[in-house]
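*Asks:*
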Amino acid sequence: MNTTATPNRVEHQLTDKGYVPVYTTAVVEQPWSSYSTSDHEVWATLFARQQQVLVGRASDEFLRQQRAMGMTPDRIPKFDDLNAVLRKATGWELIGVEGLLPELTFFDHLANRRFPVTWWIRKPEQLDYLSEPDLFHDLFGHVPLLMNPVFADYMEAYGRGGVKAHGIGPEALVNLTRLYWYTVEFGLIKQDDGLRIYGSGIVSSKGESIHCLESAAPNRIGFDLERIMRTRYRIDTYQKTYFVIDSYEQLMEATRPDFTPIYARLGQEDSFAAGDVQAKDVVFNKGTGEGWLNDGDV
0 MNTTATPNRV EHQLTDKGYV PVYTTAVVEQ PWSSYSTSDH EVWATLFARQ QQVLVGRASD
60 EFLRQQRAMG MTPDRIPKFD DLNAVLRKAT GWELIGVEGL LPELTFFDHL ANRRFPVTWW
120 IRKPEQLDYL SEPDLFHDLF GHVPLLMNPV FADYMEAYGR GGVKAHGIGP EALVNLTRLY
180 WYTVEFGLIK QDDGLRIYGS GIVSSKGESI HCLESAAPNR IGFDLERIMR TRYRIDTYQK
240 TYFVIDSYEQ LMEATRPDFT PIYARLGQED SFAAGDVQAK DVVFNKGTGE GWLNDGDV
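The numbering of the sequence shown is numbering that gives the first Met the number 0, which starts it at 0 and goes up by one.
See the structure below:
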């Protein structure tokens, strides 16, 4: 694993066709002393805002583990400080990266209990939306649940599965990417006191934290592995459908089977539109579809 001493800020490029992803494989040291006052202020603003929004909305385990990590709003955390806590809890560690990673590189890191964290943070004018993961999304959204032993095992298993799927072919990767999207990024969990958020794409977004639980527009459907693997999703708007797990143990159990025959079976099936509700679904809420766009499912 090569480490570069002078990190770059690798961002998506804006073209006449929209944002085009730019990939990088470099592993970098966090240039903590180079963060500006503005960088720390962006972290503080986002952290304080989300802490307030997530009360009664985020899963109890997410909030508990975030406190256990010792993240605070006063400054951008140091990866080394967090790693001391994280390694002791579950054997995971954070590594600095410059931006979006190629799939196989990302899978390999997860399979070896390394979680890539983008070293740079969004600009003040990007507080409410960024088209790619930055330091706030990665640290605030993803890292706390890596303190949970079961979820930590799920992430490692996902990485191993990703390496395998990469060798099988592009259709297998599509199926597996949907699983990550609808669990790690945009998952909900059922608690005794109601539905709560654990997906990092939601917990790091003020608007979607409210929308996913309180809007009548989206579907909220019980977790089903193959159903999720067949379901397209949105990258440009709030999700049309959120899937609800019963527990983190349910996620871990879902990764135990060999996915190879599942990929083969799904290769013979059509995908579902992001807003579809199927007859066999366990439906917590059938969405009204208000505000949905008719195209753009991925």
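All residues carry an ideal CB built from backbone N, CA and C; glycine is no exception.
Would you call residue 147 buried or exposed, if buried means 16 or more other Cβ atoms sit within 10 Å of its Cβ?
*Replies:* buried
*Asks:* Locate the alpha helix (DSSP H) running through residue 222, then write down its first and last residues.
*Replies:* Where residue 222 is concerned, there is no enclosing alpha helix (DSSP H), given that its DSSP letter is neither H nor E.
*Asks:* Report the rounded CA-to-CA distance for residue 308 versus residue 33, giving the unit in angstroms.
*Replies:* What the structure shows of the chain is the stretch from 0 to 297, and residue 308 is not part of that stretch, so it cannot be assessed.
*Asks:* Just to confirm before moving on: does the CB-CB distance between residue 238 and residue 283 stay below 7 Å?
*Replies:* no
*Asks:* So, using beta-carbon positions, are residue 123 and residue 52 closer together than 7 Å?
*Replies:* no
*Asks:* Take residue 203 as the anchor and find which of 75, 48, 294 has the nearest alpha-carbon.
*Replies:* 48
*Asks:* Considering Cα atoms alone, identify which of 127, 86, 79, 150 is closest to residue 179.
*Replies:* Distances from the alpha-carbon of residue 179 to those of 127, 86, 79, 150 put 150 closest.
*Asks:* Could you check where the beta strand (DSSP E) with residue 243 kicks off and where it finishes?
*Replies:* That run of the beta strand (DSSP E) goes 240-244.
*Asks:* DSSP on residue 61, reduced to helix/strand/coil?
*Replies:* helix
*Asks:* Tell me the residue span of the alpha helix (DSSP H) that contains residue 106.
*Replies:* 102-110
*Asks:* Going by beta carbon distance, what residues of the same chain come within less than 8 Å of residue 110, once the five residues before and after it are set aside?
*Replies:* 155, 158, 159, 161, 162
*Asks:* Output the distance between the C-alpha atoms of residue 197 and residue 13, rounded to the nearest integer angstrom.
*Replies:* 30 Å
*Asks:* If I measure Cβ to Cβ from residue 54 and keep anything under 6 Å in the same chain, skipping five residues before and after, which residues do I get?
*Replies:* none
*Asks:* In angstroms with no decimal places, state the Cα-to-Cα distance between residue 18 and residue 10.
*Replies:* 10 Å
*Asks:* On the DSSP letters alone, give me the boundaries of the beta strand (DSSP E) that residue 284 sits inside.
*Replies:* 282-284 is the extent of the beta strand (DSSP E) around residue 284.
*Asks:* Identify which residue in 82, 276, 225 has its Cα closest to the Cα of residue 219.
*Replies:* Of the residues 82, 276, 225, the one whose Cα lies closest to the Cα of residue 219 is 276.
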